[in-house]
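S.K.: Sharing a structure, written as structure tokens. Questions coming.
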Amino acid sequence: MGARLSGKVAFVTGGSRGIGAAICQAFADEGATVVLTYGGSKDKAEAVAAAINAKGGKAEAVGCDARKQGETARVMSAAAEKHGRLDILVNNAGIAREVTLRKMSDEDWNDVMAVNVTAPFEAIRLAANIMEPGGSIITVGSILGDRAPSPGLGSYCASKAAVQLLTKAAARELGRKGLRANVIQPGPIDTDMNPADGETADLQRMMVPLGRYGKADEIASVAVFLASDEASFVTGTTIDVAGGLTA
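Here the sequence shown stands for residues -18 to 228, where the numbers follow our numbering.
Here's what the structure looks like:
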């Protein structure tokens, strides 16, 4: 285990699986105490925390319905109070509704925006008020925040574009307080949301210069860098981790 995040407390939304789970494990391996949230995957989230604790790390899983206004901030505030501090925020929770704009219901649109934009806003606003200098805010966006490559992705793309600019705005506003805010935009990553054996997987691989899907651990390693003092002069930046797809 490393020590780049020793003594720090991290709050990671959507930490029950995929990229979120990998980030939690990587943070714990570097010495951070990790509080991870879950929506409907309690068993998976608790398994992630248990695996971390079994290796000598520190982690706990807490439920959070990010669709409910104020819930993310409430859960995050409770975590900060319990541990006496908050050093790292990772806005990772996200959902998609693959429906064309003309057929999308208000409910689907509102759910996507609530989880992908409003919840990160609540978390960033709270972090701005409770984090001490040196704190790091990391938003896991998507390369679809810069493009809409196919029908049915409009709400997801719009939400990821919004949260990217929200995080950049935070970097601009919070820099003088000593807080940093950055965005990681993954390309095709092998997760439940976009499996490497899915219907469009071969097409996505063809578009990636490296010719393969990425791994969740490859996102986590970038998150560790951004959370650590090694990235002390990195803020307001978007890092595409997409195998060259955005070249």
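Where is the CB? At the ideal position from N, CA and C, for every residue including glycine.
1) Label K36 either buried or exposed according to how many other C-beta atoms from any shown protein chain fall within 10 Å of its C-beta, with 16 as the threshold for buried.
2) Below 8 Å, how does it come out for the segment 158 to 171 and the segment 119 to 126: are there three or more Cβ pairs, yes or no?
3) From what residue to what residue does the beta strand (DSSP E) around Y19 run?
4) When DSSP labels each residue in this structure, what does I76 get in the three-state scheme?
5) Below 8 Å on the Cβ atoms is my guess for D68 versus G116; work out the distance and round it to an integer in Å.
6) Expressed to the nearest angstrom, what Euclidean distance is found between the alpha-carbon atoms of D46 and S(-3)?
7) At the level of alpha carbons, what is the spacing between R78 and A108?
8) Just how far apart, CA to CA, sit K158 and G44?
9) Ignoring anything shorter than 3 residues, give me the beta strand (DSSP E) runs that lie fully in the segment 66 to 151, in order along the chain.
10) Please state the DSSP three-state secondary structure of V222.
11) Who pairs with A161 in a beta bridge, going by DSSP?
12) Looking at the secondary structure, which residues open and close the beta strand (DSSP E) in which K39 lies?
13) Which one or two residues does DSSP pair with A(-9) in a beta bridge?
14) Going by beta-carbon coordinates alone, are V189 and G224 separated by less than 8 Å?
15) From the DSSP output, read off the bridge partner residues of G195.
16) Could you check where the alpha helix (DSSP H) with Q185 kicks off and where it finishes?
17) Could you tell me the distance, in whole angstroms, from the CA atom of V93 to the CA atom of F214?
18) Which word fits E211, buried or exposed, when buried means at least 16 other C-beta atoms lie within 10 angstroms of its C-beta?
19) Output yes or no for whether 8 Å exceeds the beta carbon distance between T120 and N72.
20) I'd like the span of the alpha helix (DSSP H) that includes R55, first residue to last.
21) Please check the pair A30 and A42, which I expect to be a contact at CB under 8 Å, by giving their CB distance rounded to whole angstroms.
22) For L82 and E180, I'd like the C-alpha separation in whole angstroms.
M.R.: Reading off the structure:
1) Along the sequence shown, one-based indexing puts residue 36 at 55. Answer is exposed; the Cβ neighbour count stays below 16.
2) yes
3) Stepping through the sequence shown from its first residue, residue 19 is reached at position 38. Residues 14 to 19.
4) The residue labelled residue 76 in the question sits at position 95 within the sequence shown. Reduced to three states, the DSSP call for I76 is coil.
5) Here residue 68 refers to the residue found at position 87 when the sequence shown is read from its first residue. Here residue 116 refers to the residue found at position 135 when the sequence shown is read from its first residue. Right, their Cβ atoms sit about 6 Å apart.
6) The count along the sequence shown starts at 1 and reaches residue 46 at position 65. The count along the sequence shown starts at 1 and reaches residue -3 at position 16. Rounded to the nearest angstrom, the two C-alpha atoms are 13 Å apart.
7) Position 97 of the sequence shown holds residue 78. Position 127 of the sequence shown holds residue 108. Cα-Cα distance, rounded: 28 Å.
8) As a working note, residue 158 is residue 177 in the sequence shown. As a working note, residue 44 is residue 63 in the sequence shown. Approximately 30 Å between the Cα atoms of the pair.
9) 69 to 72, 117 to 121
10) In the sequence shown, counting from the first residue as 1, residue 222 sits at position 241. V222 falls in the strand class under three-state DSSP.
11) Taking the first residue of the sequence shown as 1, we reach residue 161 at position 180. A small fix is needed here, since residue 161 is Arg in this sequence, not Ala. Paired residue(s): S117.
12) Counting from one through the sequence shown, the residue named residue 39 turns up at place 58. Here the beta strand (DSSP E) through K39 covers 39 to 44.
13) Walking along the sequence shown from the start, residue -9 turns up at place 10. Note: A(-9) sits in a beta bridge opposite V15, I69.
14) For the purposes of this step, residue 189 is taken as the residue at position 208 of the sequence shown. For the purposes of this step, residue 224 is taken as the residue at position 243 of the sequence shown. Taking 8 Å as the Cβ cut-off, V189 and G224 qualify as a contacting pair.
15) If you number the sequence shown from 1, residue 195 lands on position 214. G195 pairs with I170.
16) Along the sequence shown, read from residue 1 onward, the residue named residue 185 stands at position 204. From DSSP, the alpha helix (DSSP H) with Q185 extends over 182 to 188.
17) Walking along the sequence shown from the start, residue 93 turns up at place 112. Walking along the sequence shown from the start, residue 214 turns up at place 233. In a straight line, the C-alpha of V93 is about 32 Å away from that of F214.
18) As a first step, residue 211 must be located in the sequence shown, where it is residue number 230. Exposed, by the Cβ-count rule.
19) Numbered from 1 along the sequence shown, position 139 holds the residue referred to as residue 120. Numbered from 1 along the sequence shown, position 91 holds the residue referred to as residue 72. Yes, Cβ-Cβ distance for T120 and N72 is below 8 Å.
20) Stepping through the sequence shown from its first residue, residue 55 is reached at position 74. 52 to 64 is the extent of the alpha helix (DSSP H) around R55.
21) Numbered from its first residue, the sequence shown carries residue 30 at position 49. Numbered from its first residue, the sequence shown carries residue 42 at position 61. Confirmed, Cβ separation roughly 4 Å.
22) Position 101 of the sequence shown holds residue 82. Position 199 of the sequence shown holds residue 180. Going by the C-alpha atoms only, they are around 22 Å apart.
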